[in-house]
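Visitor:
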């Protein structure tokens, strides 16, 4: 069987796993105060080029989004997000569970437009009615988006400018950050991300870790009491060094980018093969997630040898499907899938 | 250095770690729908002797308590707990963050008395004022308690009877369940626990797993929509099979009890040694946590070779300290510590 | 000056005020346990034709919506509502503040379609992804809607059927219920409302009371612990008899319908006059709220002698405005406004 | 029958009611933006001697406490309060419902001690464990307390000093403020209150209004987005001018203090009479609430002609009872009660 369902189907990348094995019998203090965590944090700050950033290591994506957004917002505020944003759809109401509304914006292949953000804010304060409404208190975007697309540097700069002009913190969900930074045609670097937003997270779970997400706070005015909030949200790991060890591995010898690069290359090879065989690309993604429109007969045939996600019917005879590469995907997996086509 | 700070200082028990290594490169579906998780759940149900229980695998203790209690209570209800209960003190307000008050009961070495529970409930409904107050909607107890003590079978039966008579679900926090079940003089079995309460969790983090807690719901009327609640609380692991693999290991060849038994034996050996040398036992614990009252000069001396937790001063020249054994504690660690005395 | 801004600009209808004056110096028990409240509740149950309904008297609309919806939903659930619904827009996030997402439906002049509700629910459960999403747990509609429109009896029956088939409680926001029931062409009675939904509220504030909303629960399985929830939401009035006295007045000598009928008649007279003078009706409302599209020059002229709400620009030279009649609006007010046209 | 159950049993003081009658047919804008509210706010600021305070008019006490405390706390914080505080006991969990824990302090006849507050805060930050606990984020006290007692000026000054030294906002619940300020032996003025705390509220409901509480924010750094929070908490009245009209009346011709003074005088007269007849004063209160320990036979006899609250049994033959005077209590009521003794 060939596996293309998602990028969290296999365990840890061998280099990450090896570090967990090597350190397994050691005793360290808990809750992330150990030396591995401190070292991982230092490596991340260096990679981001922001020495005075605060970095926190959490376990999973939904809890990271919920904890960060809860910390950013005042009780009368909500968070702006594309209506396709992960927090709007697939987090079971975690944002609302901490008391905050998500204020939805139009999405364009998963992205928001700076102009829409600005219009929302300006309109909001146009008359006194705003006192009866939920005020925008932060902007959530994902990089890459839920559709695998990425923002250009100039798009990010413009979004950042709007947020700063209106004193709205910009938060980037980087569950698949490494696939975005290593995407085909990407002109955005990790340092750009760190410079342009106020808070973001570097996803580990989908990038070769067993689990783990690293929150980077570059705006020193924000999230100054984040540690108890992590605890309150149940996002603090007793054996916190597991997160430290894994992020240390991911940020050693550029592993994070190696995983990103390899997965993107294989995904693009796959996309080209589908295009060459005349199939329609549903969303033109430069990252490790690829969306195709396929005849249902082709899908049935592929399903015998490969697993992948159904994204819904498209008319009576076709459906949209998603293929995802992960650290465990090999060139030979791709070649065999192409053969099946 | 000898480590007695806590039972979450080392990684995973070798048998658990080996299973993680063996399965690392496999592809499985995510979010706990994999075969390892299903198998672990089956093993747990068998161990509990409740074939129709529902079992869920979560990551950590605070998030487990918060998710379960949120699922048990109606919005006008709170949860009864000893004032020393973990949820009252060291979970950063996670219960209140989901909107519920903790209704505190007196504690006796960490335990509650059935009579106090019953009196609270009966008093509560004595007059109409209760309509302005938070109604007791569940009882939280820990086994063993935060002070290492355990309930006898008859105490648990009495608490269970009171809860059932008043239709108050009984929830047991079993973060260290294996140390309780294998405690010196314990007359309670896992099957008793399963029979006497409505929901409980089998702690993995402190019992030899990297992380993981298994919630067992034996009352079929409760928590029927628990899966989205786990997600909402950020307690769902993308690579959910990691939990399945670990609990499978813990419930294979009786590992869970082996870890419990060994740690308790070493802790009791330690207690005896302290007593023999004339030191005062602060709380008479039959489990892997031991509390002693020591002269500060002795503490200073021990600190040079061993790490353990300070629990607070006791007069001017003494302090209470906590020593904890874990799966990685060896007989030789204990012997060396005893020598230091 | 002529006042058409809203239906909450004047104090209480004289018959309501007189009862408050008459009873002012009496002593009664607090919190709604007094004889006036009990009597008002009895009158409401009779008017609704549901002898075994439970009725609760609260102070304001936003708090009523928040309290009822909090009581209806389980923690993993959200409430379905038209995207124009009052709870979505003008309640400052009160629903989310109690932890629940609002699941928005398309709106048609403020109304939802039964087919959309059914499609949402059926789609939701189509595949296992729903376990990561917010489940629909109730449907909120308003009668009349925020645009002054009303549902026909057959529309309500169809919505009710869908809700019951899918075990989704139907909750009707009746902030302006009396204007809906007495609307031009309305074929829905109070008894129909009571029969077709599970919970609704009879608005007092906008119907001649100083304040007050009467929640009617006709489904005996719901909201069985509503009293402490009212208190928790800060919606319980110490001098609760003020609510009893006012609703007693509103349901004596058919005052509630008299207010509704008179305001609707005046509003319709106004609508006809605007139409006769060639102005465009923006939403064709049969109730006490009327929406017109007027040239900005006409608006400026009217503003000298009348106050009303601006609803936003329509092109460069026109705007939409809202005129509302209330218990204090007189026929002569209408005649003078028509003259101004 | 003589009524001493509470101070919210009768309607509004005649001077308040007259203003409501006089203004009833006027049209004003809603939600507290009317001229009456603005004028009332101005009168309150003058009475407090703080020209740049912000003042907000809400409906009831529980909602006021919940809204203010929600606005004061960050998500990781809780509120310190005496364990007898109204928010701890009789508000149905309203504070927890907005996500915050109440951190309880010992109470001394309803009062907290500055030293206990300071000790709590200092202890809290003693070691790193605090990162797993709920941080104190505000102090709630009531003046007078739930037992009718009052703080002396020097006690308040000391509490204020501790709060300011530790950057903990001090919030005073003044549900019965006028009875405290006019208490026997009180050396605290309204201006002292305004100067020593950061936020407080001037209770109207129990001081002669139909309802209404005026929140005064004297610390300009706090609650800067309070208006939408009032709305979110369902605490905003559509016909907001009702609050303005009532507080205008209460702060005209010193009515607020006249009500306070008269009720206190009558209550003290009652206390003296009980003492003279040899009965035991349970709590020595200088305000309008009086607590006596009476033989059950005396209680039975009094109950035939007077209503008052039972506070619980005291041994087998005695009980504690509460007598409260309100604006509608007359000297002749007191005389008749004394005769009954």
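Residue numbers (the numbering used here), protein chains in the order written: chain Y, 109 to 449; chain D, 109 to 449; chain X, 109 to 449; chain A, 109 to 449.
Every residue gets a Cβ at the ideal spot worked out from N, C-alpha and C, and that includes glycine.
These numbers come from a predicted model, not from an experiment.
Output, in chain order, the set of chain Y residues within a Cβ distance shorter than 9 Å of residue 244 of chain A.
Guide: As a first step, residue 244 of chain A is located in the fourth chain; it is residue number 136 there, counting from the start. The premise fails here: residue 244 of chain A is roughly 12 Å from chain Y at the closest Cβ pair, so nothing lies under 9 Å.
Visitor: For residue 164 of chain A, does the count of other Cβ atoms within 10 angstroms reach 16, so buried, or fall short, so exposed?
Guide: Reading the fourth chain from its first residue, position 56 is the one you call residue 164 of chain A. With 16 or more other Cβ atoms within 10 Å, it is buried.
Visitor: Pick helix, strand or coil for residue 134 of chain Y, following the three-state DSSP scheme.
Guide: Reading the first chain from its first residue, position 26 is the one you call residue 134 of chain Y. DSSP places residue 134 of chain Y in coil when its eight states are reduced to three.
Visitor: Count the other C-beta atoms from every protein chain shown that fall within 10 angstroms of the C-beta of residue 132 of chain X, then say buried if there are 16 or more, exposed otherwise.
Guide: Taking the third chain and counting its residues from 1, one reaches residue 132 of chain X at position 24. Under this definition residue 132 of chain X is a buried residue.
Visitor: At what residues does the beta strand (DSSP E) containing residue 243 of chain X begin and finish?
Guide: Indexing the third chain from 1 puts residue 243 of chain X at position 135. Its beta strand (DSSP E) spans residues 243-250.
Visitor: Going by the CB atoms, is the gap between residue 242 of chain A and residue 108 of chain D shorter than 8 Å?
Guide: In the structure as shown, chain D starts at 109 and stops at 449, and residue 108 of chain D therefore has no counterpart that could be examined.
Visitor: Starting from the beta carbon of residue 339 of chain A, find every residue of chain Y whose beta carbon is closer than 8 Å, and list them in chain order.
Guide: The count along the fourth chain starts at 1 and reaches residue 339 of chain A at position 231. The answer, in chain order, is 239 and 240.
Visitor: Below 7 Å CB to CB, which residues in the same chain sit around residue 372 of chain Y once its five sequence neighbours on both sides are set aside?
Guide: Within the first chain, the letter at position 264 stands for residue 372 of chain Y. Within the same chain, residue 372 of chain Y has close Cβ partners 287, 290, 291, 292, 395 and 396.
Visitor: Does the Cβ of residue 383 of chain A have 16 or more other Cβ atoms within 10 Å, making it buried, or fewer, making it exposed?
Guide: Here residue 383 of chain A refers to the residue found at position 275 when the fourth chain is read from its first residue. Flag for residue 383 of chain A reads exposed.
Visitor: Please return the same chain residues whose Cβ sits closer than 6 Å to the Cβ of residue 253 of chain A, not counting the five positions on each side in sequence.
Guide: Position 145 of the fourth chain, counted from the start, is the residue given in the question as residue 253 of chain A. Answer for residue 253 of chain A: 218 and 219, listed in chain order.
Visitor: Would you give the residue range spanned by the beta strand (DSSP E) that residue 212 of chain A belongs to?
Guide: To locate residue 212 of chain A, count along the fourth chain from 1; it is residue 104. Element bounds for residue 212 of chain A: 210-213.
Visitor: Could you spell out where the alpha helix (DSSP H) holding residue 378 of chain Y opens and where it closes?
Guide: Position 270 of the first chain holds residue 378 of chain Y. Segment 363-384, the alpha helix (DSSP H) holding residue 378 of chain Y.
Visitor: Mind checking the stretch 147-174 of chain Y against chain D and listing, in chain order, the residues whose C-beta falls within less than 7 Å of any C-beta there?
Guide: Here the close residues are 167, 168, 170, 171 and 174.
Visitor: Taking residue 247 of chain Y as the reference, give the member of Y:212, Y:167 and Y:439 with the closest Cα.
Guide: To locate residue 247 of chain Y, count along the first chain from 1; it is residue 139. Comparing Cα positions, the closest option is Y:212.
Visitor: Find the residues of chain X that neighbour residue 116 of chain A, judging by a C-beta separation of less than 8 Å, and give them in chain order.
Guide: Looking up residue 116 of chain A in the fourth chain gives position 8. Here the neighbours are 138, 346 and 347.
Visitor: Quickly, what does DSSP pair residue 311 of chain X with across the bridge? List them, please.
Guide: Along the third chain, read from residue 1 onward, the residue named residue 311 of chain X stands at position 203. Its beta-bridge partners are X:321.
Visitor: In whole angstroms, what is the alpha-carbon distance linking residue 393 of chain A and residue 192 of chain A?
Guide: Numbered from its first residue, the fourth chain carries residue 393 of chain A at position 285. Numbered from its first residue, the fourth chain carries residue 192 of chain A at position 84. Distance between the alpha carbons of residue 393 of chain A and residue 192 of chain A: 15 Å.
Visitor: When the distance is taken between beta carbons, is residue 346 of chain A closer than 8 Å to residue 140 of chain X?
Guide: As a first step, residue 140 of chain X is located in the third chain; it is residue number 32 there, counting from the start. As a first step, residue 346 of chain A is located in the fourth chain; it is residue number 238 there, counting from the start. No. Outside cutoff.
Visitor: With a cut-off of 8 Å, do at least 3 Cβ pairs link the stretch 322-341 of chain A to the stretch 297-309 of chain A?
Guide: Yes: at least three Cβ pairs fall under 8 Å.
Visitor: Are there 16 or more other CB atoms within 10 angstroms of the CB of residue 356 of chain X, so buried, or fewer, so exposed?
Guide: As a working mapping, residue 356 of chain X is identified with position 248 in the third chain. Per the 10 Å Cβ criterion, buried.
Visitor: Let me make sure I understand the geometry here. Which of X:272, X:149, X:150 and X:379 has the alpha-carbon closest to that of residue 449 of chain X?
Guide: On the third chain, position 341 is the one that residue 449 of chain X refers to. Residue 449 of chain X has its Cα closest to that of X:379, out of X:272, X:149, X:150 and X:379.
Visitor: Which residues in chain X sit within 7 Å of residue 200 of chain Y, going by Cβ to Cβ distance?
Guide: As a first step, residue 200 of chain Y must be located in the first chain, where it is residue number 92. Within chain X, the residues near residue 200 of chain Y are 184, 240, 241 and 242.
Visitor: How is residue 400 of chain A classed by DSSP in three states: helix, strand or coil?
Guide: Counting from 1 along the fourth chain, the entry for residue 400 of chain A is found at position 292. Three-state result, residue 400 of chain A: strand.
Visitor: I'd like to confirm the pairing. Which residues does DSSP put opposite residue 163 of chain D in its beta bridges?
Guide: Against the second chain, residue 163 of chain D aligns to sequence position 55. DSSP, once it has assigned bridges, lists D:324 as partnering residue 163 of chain D.
Visitor: Does the stretch 433-448 of chain D come within contact of the stretch 358-377 of chain D, defined as at least 3 CB pairs closer than 8 Å?
Guide: Result yes; three or more Cβ-Cβ pairs closer than 8 Å.
Visitor: What number of angstroms, rounded off, separates the C-alpha of residue 138 of chain X from the C-alpha of residue 117 of chain A?
Guide: Numbered from 1 along the third chain, position 30 holds the residue referred to as residue 138 of chain X. Numbered from 1 along the fourth chain, position 9 holds the residue referred to as residue 117 of chain A. Each residue's Cα considered, the two are about 6 Å apart.
Visitor: Going by beta-carbon coordinates alone, are residue 352 of chain A and residue 111 of chain A separated by less than 8 Å?
Guide: The residue given as residue 352 of chain A occupies position 244 in the fourth chain. The residue given as residue 111 of chain A occupies position 3 in the fourth chain. Going by C-beta atoms, residue 352 of chain A is not nearer than 8 Å to residue 111 of chain A.
Visitor: How would you label residue 403 of chain A, buried or exposed, when you count the other beta carbons within 10 angstroms and need 16 or more for buried?
Guide: Numbered from 1 along the fourth chain, position 295 holds the residue referred to as residue 403 of chain A. Answer is exposed; the Cβ neighbour count stays below 16.
Visitor: Could you have a look at residue 352 of chain A and say whether DSSP puts it in helix, strand or coil?
Guide: Counting from 1 along the fourth chain, the entry for residue 352 of chain A is found at position 244. Residue 352 of chain A: helix per DSSP, three-state reduction.
Visitor: Please determine if the stretch 175-189 of chain A and the stretch 168-179 of chain X are in contact, where contact requires at least 3 C-beta pairs separated by less than 8 Å.
Guide: The stretch 175-189 of chain A is not in contact with the stretch 168-179 of chain X.
Visitor: According to a CB-to-CB cut-off of less than 8 Å, which residues of the stretch 192-216 of chain A neighbour chain X?
Guide: Those would be 199, 200, 201, 202, 205 and 206, in chain order.
Visitor: Per DSSP, what are the beta-bridge partners of residue 421 of chain A in this structure?
Guide: Locating residue 421 of chain A in the fourth chain gives position 313, counting from the first residue. DSSP lists A:427 as partners of residue 421 of chain A.
Visitor: Quick one: Cα of residue 151 of chain X to Cα of residue 158 of chain X, how far?
Guide: Here residue 151 of chain X is taken as the residue at index 43 of the third chain, counted from 1. Here residue 158 of chain X is taken as the residue at index 50 of the third chain, counted from 1. For residue 151 of chain X and residue 158 of chain X, the distance between alpha carbons rounds to 11 Å.
Visitor: How is residue 188 of chain D classed by DSSP in three states: helix, strand or coil?
Guide: Locating residue 188 of chain D in the second chain gives position 80, counting from the first residue. Strand, per DSSP.
Visitor: Quick check: the Cα distance between residue 215 of chain A and residue 321 of chain A, rounded to an integer number of angstroms?
Guide: Looking up residue 215 of chain A in the fourth chain gives position 107. Looking up residue 321 of chain A in the fourth chain gives position 213. In a straight line, the C-alpha of residue 215 of chain A is about 25 Å away from that of residue 321 of chain A.
Visitor: Using a C-beta cutoff of 8 Å, does residue 440 of chain A count as contacting chain X?
Guide: Counting from one through the fourth chain, the residue named residue 440 of chain A turns up at place 332. Output row for residue 440 of chain A: interface = no.
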